[in-house]
Amino acid sequence: MHIAVVCYPTFGGSGVVATELGIALANRGHQVHFITYNQPVRLDMLVPGIHFHEVEVPEYPLFHYQPYELALSSKLVRVIKKYDIELLHVHYAIPHAYAGYMAKQMLAQEGIHIPMVTTLHGTDITLVGNHPHYKPAVSFSINQSDVVTSVSASLKKDTLRLFDIEDSKIDVIPNFIDVSKSVNHDVECKRHLMAEKEEKIITHISNFRPVKRIEDIIRIFEKIQQKIPAKLMMVGDGPLMPDAKRLTRELGIQDKVIFMGNSNEIHRILCFSDLFLLPSEKESFGLAALEAMIHSVPVISSNTGGIPEVNKEGFSGFLSEVGDIDDMANNACNILSDELVLDKFKKQAREQALKFEISQVVPLYEEAYANAIIKAKQIKVIV
Ligand code: GMT
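Taking our numbering, the leading residue of the sequence shown gets 1, the next gets one more, and so forth.
Below you can see the structure in the form of structure tokens.
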């Protein structure tokens with residue numbers, strides 16, 4: 001099948017899911033065309049069947065805001081026609097579902113009926129999409145999609161609660177992990193560069209936005225290191241980076257916290273990590289936690305959104321109420337203070353992550369594509 005994929009190309013989870021899914025589909029013989037403003041960070045252009053089309057937005061000084069949606073929908077029309085695209089898959093509703101709908105309409109004028117699948121990822125529903133400034137357009141474009149998928153049951157529930165959308169409209173297709181890629185045995189694990197032998201290594205990966213509760217991470221770590229020798233790896237970048245650095249200085253733990261910036265090779269960090277922290281305010285799924293777990297890293301997280309669908313209490317880690325940093329620190333110490341307990345949790349974290357193996361999830365998307373094609377045909381007949 002010839003598939004067009006629209007996603008954010010940055011280090012966010014939705015872009016990672018879109019990219020990994022696209023690569024998996026290409027490996028199964030599909031032609032996959034990525035259409036976005038930059039090459040997605042994890043896109044491997046050497047995989048046969050992968051194509052990338054850049055959306056360019058010419059700067060015009062009269063415009064206070066450059067019209068990206070317009071450029072995207074025009075690019076979609078051109079690519080869909082030129083490469084005989086049979087299906088459009090947009091990741092993250094804002095503004096992709098809206099731009100996709102516009103492209104669909106333009107193409108319909110020319111007798112081309114392109115089925116559209118929209119995958120909801122989280123903040124496009126719970127934070128941004130729900131804002132009154134966007135809500136009508138988001139609601140409309142979700143309803144106009146032929147098939148809608150959400151990355152967790154919790155996100156589906158949130159979508160139905162916040163928007164006027166029918167239950168049957170949304171299929172839950174969980175995020176996934178490619179085991180073969182995520183455990184690279186050729187990579188030498190350079191733990192000795194990061195910590196002393198007796199120190200435990202605790203890791204957090206995100207885009208350092210308020211929803212991740214970056215301050216909680218630093219404060220949880222500060223409590224842990226009072227009881228257990230440890231280092232904290234802060235991986236990623238974002239608006240709260242300066243605040244996080246300031247807090248480590250205020251707490252006098254700056255020598256124990258390493259800010260590593262964005263990384264395309266998180267397996268090289270997760271291979272030596274003992275524990276992962278994800279105390280987010282909201283999290284539709286928590287892909288970063290799943291990536292940690294497949295590397296046998298147990299997770300201390302908040303009990304919010306889709307996280308409990310991924311991190312199993314007392315098995316792959318522990319869950320606490322949002323903001324309960326004492327409980328999170330205690331849970332972390334309980335795992336880290338006993339080597340036998342730590343080993344058990346490491347094994348269980350990997351066992352839990354294996355339930356999300358990519359080979360089980362990609363066919364669900366192929367099924368969703370087949371349904372979208374059927375639905376688009378029915379709509380065409382009605383029109
Ligand atoms: O929160 C992020 O780090 C980025 C955001 C995105 O859209 O890229 O992540 C959302 O989508 C991910 C992939 O489906 C999920 O794993 C994250 O839980 C979700 N983030 C939130 O809901 C806050």
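Don't be surprised by glycine CBs; every beta carbon is placed ideally from N, CA and C. A quick note: this is a predicted structure, and the numbers were derived from the prediction, not measured.
* Asked: Using a Cβ-Cβ cut-off of 7 Å (strictly less than) and excluding sequence neighbours within five positions of Pro9, which residues of its own chain qualify?
  -> Sequence index remark: in the sequence shown, residue 9 carries index 9 (1-based). Within the same chain, Pro9 has close Cβ partners Gly15, Thr36, Tyr37, Asn38, Gln39, Pro40, Val41.
* **Uninterrupted beta strand (DSSP E) stretches inside the segment 76-133 (no shorter than 3 residues)** => 87-91, 116-120
* Asked: Among Pro174, Glu215, Ser302, Leu251, which one has its Cα closest to the Cα of Gln360?
  -> Start at 1 with the first residue of the sequence shown, and residue 360 comes out as number 360. Nearest option by C-alpha distance: Pro174.
* To do: Label Asp146 either buried or exposed according to how many other C-beta atoms from any shown protein chain fall within 10 Å of its C-beta, with 16 as the threshold for buried.
  => Counting from 1 along the sequence shown, the entry for residue 146 is found at position 146. Label assigned to Asp146: buried.
* Express the C-alpha separation of Phe356 and Ile177 in angstroms, rounding to a whole number. => Here the question's residue 177 lines up with position 177 in the sequence shown. Here the question's residue 356 lines up with position 356 in the sequence shown. Between the C-alpha atoms of Ile177 and Phe356 there is a straight-line separation of about 6 Å.
* Asked: In whole angstroms, what is the alpha-carbon distance linking His204 and Asn130?
  -> Residue 204 sits at position 204 when you count from the first residue of the sequence shown. Residue 130 sits at position 130 when you count from the first residue of the sequence shown. Using only the alpha carbons, I get a separation of about 27 Å.
* Asked: Is it true that the CB of Glu222 sits closer than 8 Å to the CB of Leu251?
  -> Sequence index remark: in the sequence shown, residue 251 carries index 251 (1-based). Sequence index remark: in the sequence shown, residue 222 carries index 222 (1-based). It is a contact, given that the beta carbons lie within the stated cut-off.
* **Own chain residues within Cβ distance below 7 Å of Ser280, not counting five before or after** => On the sequence shown, position 280 is the one that residue 280 refers to. These residues qualify, in order along the chain: Val211, Lys212, Arg213, Ser302, Thr304.
* Given Ala71 as reference, the closest of Met233, His53, Lys157 once Cα atoms are compared -> Taking the first residue of the sequence shown as position 1, residue 71 is located at position 71. If we check each option's Cα against that of Ala71, His53 comes out closest.
* To do: Any chance you could list the alpha helix (DSSP H) runs of at least 4 consecutive residues sitting entirely within the segment 134-194, in chain order?
  => 135-144, 153-162, 179-182
* Asked: Using DSSP with H/G/I as helix, E/B as strand and the rest coil, what is His295?
  -> Taking the first residue of the sequence shown as 1, we reach residue 295 at position 295. Looking at His295 - three-state DSSP - the assignment turns out to be coil, as it is neither helix nor strand.
* List the residues that DSSP assigns as beta-bridge partners of Lys231. => Taking the first residue of the sequence shown as position 1, residue 231 is located at position 231. According to DSSP, which records beta bridges pairwise, Lys231 is partnered with Ile201.
* Asked: ligand 1 heavy atoms versus the CB of Thr126: any closer than 7 Å?
  -> In the sequence shown, counting from the first residue as 1, residue 126 sits at position 126. At least one heavy atom of ligand 1 is nearer than 7 Å to the Cβ of Thr126, so yes.
* Asked: Under the criterion of a Cβ to heavy atom distance below 7 Å, does Phe285 qualify as lining ligand 1?
  -> For this step, residue 285 is matched to residue 285 along the sequence shown. Under cutoff, so the answer is yes.
* Counted within 10 angstroms of its Cβ, other Cβ atoms place Lys347 as buried (16 or more) or exposed -> Counted from its first residue, the sequence shown places residue 347 at position 347. Exposed: under 16 other Cβ atoms inside 10 Å.
* Asked: So Leu277 is in the beta strand (DSSP E); what residue range does that whole segment cover?
  -> In the sequence shown, residue 277 corresponds to position 277, counting from 1. Where Leu277 is concerned, the enclosing beta strand (DSSP E) stretches over 275-278.
* To do: Quick one: grab the DSSP three-state call for Ser316.
  => By one-based count along the sequence shown, residue 316 stands at place 316. In the structure shown, the three-state DSSP call for Ser316 is coil.
* **Per-residue DSSP class, three states only, for His30** => The residue given as residue 30 occupies position 30 in the sequence shown. Three-state DSSP puts His30 in coil, outside helix and strand.
* Asked: Taking Cβ to Cβ, would you say Val341 is nearer than 8 Å to Ser316?
  -> As a position in the sequence shown, residue 341 is number 341, starting the count at 1. As a position in the sequence shown, residue 316 is number 316, starting the count at 1. No; because the gap between Cβ atoms is not below 8 Å, this pair is not in contact.
* Would you report the Cα separation of Gly236 and Arg209, rounded to the nearest angstrom? -> Stepping through the sequence shown from its first residue, residue 236 is reached at position 236. Stepping through the sequence shown from its first residue, residue 209 is reached at position 209. Going from the Cα of Gly236 to the Cα of Arg209 covers about 10 Å.
* Skipping 5 residues on each side, what residues in its chain have a beta carbon closer than 8 Å to that of Ala376? -> Here residue 376 refers to the residue found at position 376 when the sequence shown is read from its first residue. Excluding residues within five positions, the ones whose Cβ falls inside 8 Å are His113, Ile114, Pro115, Met116, Asp146.
* Please go through the same chain and pick out, in chain order, the residues whose beta-carbon is closer than 7 Å to the beta-carbon of Asn262, but skip the five residues on each side of it. => By 1-based counting over the sequence shown, the position of residue 262 is 262. So the qualifying residues of the chain are Phe11, Gly236, Asp237.
* Asked: Smallest Cα separation from Phe285: which of Val362, His121, Phe140?
  -> Taking the first residue of the sequence shown as position 1, residue 285 is located at position 285. Minimum Cα distance to Phe285 is reached at His121.
* **Proximity test, His121 beta-carbon vs ligand 1 heavy atom, cut-off 7 Å** => Here residue 121 refers to the residue found at position 121 when the sequence shown is read from its first residue. Yes.
* Asked: With C-beta atoms as the reference, is Val44 less than 8 Å away from Tyr92?
  -> Indexing the sequence shown from 1 puts residue 44 at position 44. Indexing the sequence shown from 1 puts residue 92 at position 92. Looking at the sequence provided, one finds Asp at residue 44 rather than Val. Not closer than 8 Å, so no.
* Asked: How about Ser280: is its Cβ closer than 7 Å to a heavy atom in ligand 1?
  -> Translated into the one-based positions of the sequence shown, residue 280 becomes position 280. Yes, ligand 1 has a heavy atom inside 7 Å of this Cβ.
* Using 8 Å as the Cβ pair cut-off and three pairs as the minimum, do the segment 193-207 and the segment 229-248 touch? -> yes
* Assumed close pair Thr126, Ile142 - CB separation to whole angstroms, cut-off 8 Å -> Start at 1 with the first residue of the sequence shown, and residue 126 comes out as number 126. Start at 1 with the first residue of the sequence shown, and residue 142 comes out as number 142. That pair is no contact at about 14 Å.
* Give me the Cβ distance between Met102 and Ser73, rounded to the nearest whole Å; I'm assuming they're in contact under 8 Å. => Here residue 102 corresponds to residue number 102 of the sequence shown, with the count starting at 1. Here residue 73 corresponds to residue number 73 of the sequence shown, with the count starting at 1. Indeed, because the Cβ distance is near 4 Å, the residues count as touching under 8 Å.
* For Lys104, which residues of its own chain have a beta-carbon under 7 Å away from its beta-carbon, when the five flanking residues on both sides are left out? -> Residue 104 sits at position 104 when you count from the first residue of the sequence shown. Cβ within range, chain order: Ile114, Met116.
* Taking 7 Å as the line, does the beta carbon of Ser206 fall inside it for any heavy atom of ligand 1? -> Here residue 206 refers to the residue found at position 206 when the sequence shown is read from its first residue. In this structure, Ser206 has its CB closer than 7 Å to one or more heavy atoms of ligand 1.
* Cα-Cα, which of Gln144, Ile294, Phe259, Arg161 is closest to Ala372? -> Within the sequence shown, numbered from 1, the residue matching residue 372 stands at position 372. Looking at the Cα atoms, Gln144 is the closest of the given residues.
* To do: State yes or no: is the C-beta of Gly12 nearer than 7 Å to some heavy atom of ligand 1?
  => To locate residue 12, count along the sequence shown from 1; it is residue 12. For ligand 1, at least one heavy atom lies less than 7 Å from the Cβ of Gly12.
* **Beta-ladder partner(s) of Thr19, from DSSP** => For this step, residue 19 is matched to residue 19 along the sequence shown. Residue pairing of Thr19 in beta bridges, as defined by DSSP: absent, with no partner found.
* In the DSSP assignment, what are the bridge partners of Ser206? -> Taking the first residue of the sequence shown as 1, we reach residue 206 at position 206. According to DSSP, Ser206 bridges with Gly236.
* Rounded to a whole number of angstroms, what is the C-alpha to C-alpha distance between Phe63 and Pro363? -> Taking the sequence shown and counting its residues from 1, one reaches residue 63 at position 63. Taking the sequence shown and counting its residues from 1, one reaches residue 363 at position 363. Whole-angstrom Cα-Cα distance: 43 Å.
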